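Student: Before I ask anything, here is the structure I am working with.
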Amino acid sequence: MSFRAFSPQSEFEALELLNQQLEGMLPIAGGTNVLVDIKQRKITPKALVDLSRIKEWKKIELTEEGLEIGPLVTHSEVEASPLVAKSFTALAMAASTVGSPQIRNRGTLGGNLQSASPAADCVPPLLVFDTMLTLVSLSGKREVGVADFFLGAGKTVLRPNELISKISIKNCSNKISIFRKTGLRKALAISLVNLAVSLELDEDNRCSKARVAFGSVAPTPIRVKGVEAFLEGQMIDPDIIKALSEIVEREISPITDLRATATYRRYLAKELLKESILNVISTRRSSYGRDHSEFNS
Amino acid sequence: MAETTVSLTVNGRPSAVQIDESRTLLYLIREVLGLKGSKEGCGEGVCGACTVLLDGQAVNACLVLAVQAEGKDLYTIEGLGAEENLHPLQKAFIEVGAVQCGYCTPGMIISAKALLDKNSNPSEVEIRRGLSGNLCRCTGYQKIIDAVRLASKDDK
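Residue numbers (my numbering), protein chains in the order written: chain A, 612 to 908; chain B, 307 to 462.
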């Protein structure tokens with residue numbers, strides 16, 4: 612493998628390089644996916660544009676509407692951010708389960724999106740928070756919802772000369788959220804199924820707004836709108852779990868691959884949703900959020 | 307092939323090396339600097355044998371481009387302690403017998419150092435999590451965990 616590596620110092624310089632549209636030119640951030648793909652000869656780029664020096668893309672900022680996360684923010688930084696943990700628990704939980712400490716120190720949120728893996732752990736949380744992505748090129752900016760960003764496994768709406776420049780999540784004070792995943796081992800596991808749930812609940816545990824998203828059950832992470840519609844207006848209690856399982860059964864169509872069979876994925880999807888609902892109920896009872904460290908041990 | 311200069315600090319010493327742009331940080335460490343303590347196991351970020359500290363953070367040197375280390379502070383197993391002046395982690399690994407074939411040891415010790423630098427008194431769960439990106443092909447995990455716990459006590 613031999614390629615050029617360019618190190619632009621700013622967003623503008625990076626976009627200028629990409630705008631030349633040289634054949635085989637690829638952006639790289641943390642490198643935890645791109646370099647593995649190169650070593651396995653899945654891709655053979657002629658040049659890499661290293662984005663890691665773009666300082667303005669490394670911040671997490673609180674705005675009036677919510678949170679703005681730079682695409683170069685690493686999984687470790689998402690996991691450690693009090694701003695994320697406070698209002699967007701599912702995202703902090705997901706980031707803390709990605710790869711290993713070494714991978715989380717390098718891998719970025721933007722990279723997790725751009726790689727477009729069906730199993731990307733941070734994507735279901737971003738889906739349940741109705742996240743908007745800002746895409747930038749030399750010809751300007753455009754905004755795309757996370758749900759519209761993915762076209763298929765490894766495929767996104769990003770043009771070759773375009774990059775994700777901002778990840779914006781809207782605030783909501785009475786939201787409770789959770790992330791769960793199952794892999795073949797606890798560290799460095801590609802999710803067999805992952806799930807994020809975000810619920811807005813009133814004092815009696817009645818759900819006014821629900822968002823539920825699965826990864827690894829379709830070519831892209833998906834929201835399960837039938838489940839969401841069922842949850843909205845419901846009292847969230849253990850009695851609803853049977854009905855929820857039946858809806859999940861209808862709404863997802865996972866495939867069999869080398870990691871798991873479709874049947875097992877269906878089973879996992881129902882179990883993870885059941886665990887999440889029970890967890891939300893017990894969190895509400897104990898009145899404070901559950902420590903998520905147990906998901907990583 | 308396109309060569310470039312990468313300037314970085316290596317175990318406290320400023321250094322500048324000529325390297326092909328498509329090389330990894332691990333190649334820079336082993337083949338250009340000649341520091342052979344960091345190992346290449348899988349080469350794909352799964353085994354952690356190449357773990358080094360970059361600006362204080364544990365990373366897989368096999369998944370970092372050499373050019374991405376420009377201006378950074380690199381710390382490898384060679385920076386830890388000399389034979390006559392061992393680091394508490396090195397002492398603890400010897401005392402507990404946490405080394406079998408030794409291939410994973412430099413990476414394990416660097417991951418343990420990253421953990422102890424942030425959390426000087428980790429629980430067993432925290433130690434296991436801190437070392438979760440490092441595989442021991444001899445499967446001698448328990449003694450490694452015992453050694454990290456011993457080092458955390460010795461450090462005080």
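For glycine and all other residues, C-beta sits at the position ideal for the given N, C-alpha and C. No experiment lies behind these values; they were computed from the predicted model shown.
Quick check: the Cα distance between A:Gly-900 and A:Leu-694, rounded to an integer number of angstroms?
Tutor: In the first sequence, the residue the question calls residue 900 of chain A occupies position 289. In the first sequence, the residue the question calls residue 694 of chain A occupies position 83. Note that A:Gly-900 scores 45 on pLDDT, short of 50, meaning its location in the model is unreliable and no value can be drawn from it.
Student: Run through the DSSP bridge pairs and tell me what B:Pro-394 is partnered with.
Tutor: Taking the first residue of the second sequence as 1, we reach residue 394 of chain B at position 88. Per DSSP, none; premise fails for B:Pro-394.
Student: Going along chain A in order, which residues have a C-beta closer than 9 Å to the C-beta of B:Asn-427?
Tutor: As a position in the second sequence, residue 427 of chain B is number 121, starting the count at 1. What B:Asn-427 touches in chain A: nothing, since even the nearest Cβ is about 15 Å away.
Student: Give me the Cα-Cα distance between B:Asn-391 and A:Val-645, rounded to the nearest whole angstrom.
Tutor: Counted from its first residue, the second sequence places residue 391 of chain B at position 85. Counted from its first residue, the first sequence places residue 645 of chain A at position 34. Cα to Cα, B:Asn-391 sits roughly 40 Å from A:Val-645.
Student: Between A:Gln-651 and chain B, is any beta-carbon pair separated by less than 9 Å?
Tutor: Locating residue 651 of chain A in the first sequence gives position 40, counting from the first residue. With 9 Å as the cut-off, A:Gln-651 counts as an interface residue toward chain B.
Student: Suppose the cutoff is 7 Å on Cβ atoms and the five residues either side in sequence are ignored; what does the same chain contact list for A:Ile-866 look like?
Tutor: As a working mapping, residue 866 of chain A is identified with position 255 in the first sequence. Ala-873.
Student: Counting Cβ pairs closer than 8 Å, one from the stretch 797-808 of chain A and one from the stretch 726-737 of chain A, do we hit at least three?
Tutor: Taking 8 Å as the limit for Cβ pairs, the verdict is that the stretch 726-737 of chain A does touch the stretch 797-808 of chain A.
Student: May I ask you to check if the CB of B:Leu-359 is nearer than 8 Å to at least one heavy atom of the ligand MG?
Tutor: What this structure holds is no ligand at all, so the ligand MG is not there to describe.
Student: For B:Met-414, return the contacting residues in chain A, with the cut-off set at a CB-CB distance below 7 Å.
Tutor: As a position in the second sequence, residue 414 of chain B is number 108, starting the count at 1. In chain order: nothing, as chain A lies at least about 12 Å away.
Student: When the cut-off is 9 Å and only beta carbons count, does A:Lys-752 lie next to chain B?
Tutor: Position 141 of the first sequence, counted from the first residue, corresponds to residue 752 of chain A. Not an interface residue.
Student: Could one say the Cβ of A:Gln-631 lies closer than 9 Å to chain B's Cβ atoms, at least one of them?
Tutor: The residue you call residue 631 of chain A lines up with position 20 of the first sequence. Chain B contact via Cβ: absent.
Student: Could you pull out every residue in the same chain whose Cβ sits closer than 6 Å to the Cβ of B:Gly-347, ignoring the five residues on either side in sequence?
Tutor: Counting from one through the second sequence, the residue named residue 347 of chain B turns up at place 41. Here the set comprises Cys-353 and Ala-355.
Student: For the beta strand (DSSP E) that A:Leu-774 lies in, which residues bound it at each end?
Tutor: Sequence index remark: in the first sequence, residue 774 of chain A carries index 163 (1-based). 774-781 is the extent of the beta strand (DSSP E) around A:Leu-774.
Student: I'd like to know if A:Asn-716 contacts chain B, where contact means its C-beta is closer than 9 Å to some C-beta of that chain.
Tutor: Reading the first sequence from its first residue, position 105 is the one you call residue 716 of chain A. Yes, A:Asn-716 lies at the interface with chain B (some Cβ there is under 9 Å from its Cβ).
Student: For B:Val-402, which option in B:Ala-322, B:Val-316, B:Ile-451 and B:Gly-351 has the closest C-alpha, if you only look at C-alpha atoms?
Tutor: As a first step, residue 402 of chain B is located in the second sequence; it is residue number 96 there, counting from the start. Per the Cα distances, B:Ile-451.
Student: With a cut-off of 8 Å on the beta carbons, I'd call A:Leu-683 and A:Leu-662 a contact; round off their distance for me.
Tutor: Within the first sequence, the letter at position 72 stands for residue 683 of chain A. Within the first sequence, the letter at position 51 stands for residue 662 of chain A. Confirmed, Cβ separation roughly 6 Å.
Student: When the cut-off is 9 Å and only beta carbons count, does B:Val-266 lie next to chain A?
Tutor: A query on residue 266 of chain B cannot be resolved here, the shown segment of chain B reaching from 307 to 462 and no further.
Student: Extract the residue ranges of the beta strand (DSSP E) inside the stretch 763-848 of chain A, only unbroken runs of 3 or more that lie entirely within it.
Tutor: Taking only runs of at least 3 residues, the beta strand (DSSP E) segments lying wholly in the stretch 763-848 of chain A are 774-781, 786-793, 804-812 and 818-826.
Student: Does the beta-carbon of A:Leu-812 have 16 or more other beta-carbons within 10 angstroms, so that it is buried, or is it exposed?
Tutor: Within the first sequence, numbered from 1, the residue matching residue 812 of chain A stands at position 201. Label assigned to A:Leu-812: buried.
Student: So which residues on chain B does A:Ala-798 lean against when the C-beta distance must stay under 7 Å?
Tutor: Your numbering for residue 798 of chain A matches position 187 in the first sequence. In chain order: Ser-438 and Gly-439.
Student: In angstroms, rounded to a whole number, what distance separates the CA positions of A:Glu-860 and A:Arg-877?
Tutor: Taking the first residue of the first sequence as position 1, residue 860 of chain A is located at position 249. Taking the first residue of the first sequence as position 1, residue 877 of chain A is located at position 266. Going from the Cα of A:Glu-860 to the Cα of A:Arg-877 covers about 7 Å.
Student: Please name the residue in A:Lys-650, A:Glu-882 and A:Lys-781 whose C-alpha comes closest to that of A:Gly-756.
Tutor: To locate residue 756 of chain A, count along the first sequence from 1; it is residue 145. It is A:Lys-781 whose Cα lies nearest to the Cα of A:Gly-756.
Student: Mapping DSSP to helix, strand and coil, what is A:Phe-906?
Tutor: Position 295 of the first sequence, counting from 1, holds the residue named residue 906 of chain A. Below a pLDDT of 50, predicted positions are generally treated as unreliable, and A:Phe-906, at 43, falls in that range; the measurement from the model is reported next regardless. Residue state, collapsed to three classes: helix.
Student: Given A:Arg-870, which residues of its chain have a CB within under 7 Å of its CB, disregarding the five upstream and five downstream residues?
Tutor: Start at 1 with the first residue of the first sequence, and residue 870 of chain A comes out as number 259. Excluding sequence neighbours, A:Arg-870 sits near Leu-795, Ile-801 and Leu-803.
Student: Quick one: is B:Ala-404 buried, meaning 16 or more other Cβ sit within 10 Å of its Cβ, or exposed?
Tutor: To locate residue 404 of chain B, count along the second sequence from 1; it is residue 98. It is buried - the Cβ of B:Ala-404 has at least 16 other Cβ atoms within 10 Å.
Student: Would you say A:Val-647 lies against chain B (beta-carbon separation less than 9 Å)?
Tutor: Against the first sequence, residue 647 of chain A aligns to sequence position 36. So yes, A:Val-647 belongs to the interface.
Student: Compile a chain-ordered list of the residues in the stretch 612-632 of chain A whose CB is closer than 9 Å to at least one CB of chain B.
Tutor: Here the close residues are Met-612, Ser-613, Phe-614, Arg-615, Ala-616, Phe-617 and Ser-618.
Student: Residues of chain A with CB closer than 8 Å to the CB of B:Thr-357, please, in chain order.
Tutor: Within the second sequence, the letter at position 51 stands for residue 357 of chain B. Under the 8 Å cutoff, chain A gives Gln-713.
Student: Hey, quick one: how far does the alpha helix (DSSP H) through B:Glu-309 stretch, first residue to last?
Tutor: Mapped onto the second sequence, residue 309 of chain B falls at position 3. No alpha helix (DSSP H) contains B:Glu-309, which is instead part of the beta strand (DSSP E) from 309-316.
Student: Would you mind giving the Cβ-Cβ distance between A:Phe-841 and A:Pro-832, rounded to the nearest angstrom? I have them listed as a contact below 8 Å.
Tutor: Here residue 841 of chain A is taken as the residue at index 230 of the first sequence, counted from 1. Here residue 832 of chain A is taken as the residue at index 221 of the first sequence, counted from 1. Going by Cβ atoms, the distance from A:Phe-841 to A:Pro-832 rounds to 20 Å, so no, they are not a contact pair.
Student: Give every residue of the same chain whose Cβ lies closer than 8 Å to the Cβ of A:Ile-665, excluding the five residues on either side of it in the sequence, and list them in chain order.
Tutor: Reading the first sequence from its first residue, position 54 is the one you call residue 665 of chain A. Excluding residues within five positions, the ones whose Cβ falls inside 8 Å are Pro-619, Gln-620, Ser-621, Glu-622, Ala-625 and Leu-683.
Student: Buried or exposed: which applies to B:Thr-357, given that a residue is buried once 16 or more other Cβ atoms fall within 10 Å of its Cβ?
Tutor: If you number the second sequence from 1, residue 357 of chain B lands on position 51. Buried is the call here.
Student: Cutting at 7 Å between CB atoms, please list the residues of its own chain near A:Ser-887, excluding the five before and the five after it.
Tutor: Locating residue 887 of chain A in the first sequence gives position 276, counting from the first residue. Contacts found: Ile-789, Arg-791, Leu-806 and Val-808.
Student: Smallest Cα separation from A:Leu-746: which of A:Lys-777, A:Lys-766 and A:Thr-655?
Tutor: Indexing the first sequence from 1 puts residue 746 of chain A at position 135. Nearest C-alpha to A:Leu-746: A:Lys-777.
Student: With the cut-off set at 9 Å, would you say A:Arg-822 and A:Phe-760 are in Cβ contact?
Tutor: Here residue 822 of chain A refers to the residue found at position 211 of the first sequence. Here residue 760 of chain A refers to the residue found at position 149 of the first sequence. Contact: no.
Student: Measure from the alpha carbon of A:Ser-613 to the alpha carbon of each residue in A:Ile-639, A:Glu-634, A:Thr-655 and A:Gln-631, then state which is nearest.
Tutor: Position 2 of the first sequence, counting from 1, holds the residue named residue 613 of chain A. For A:Ser-613, the nearest C-alpha among the options comes from A:Thr-655.
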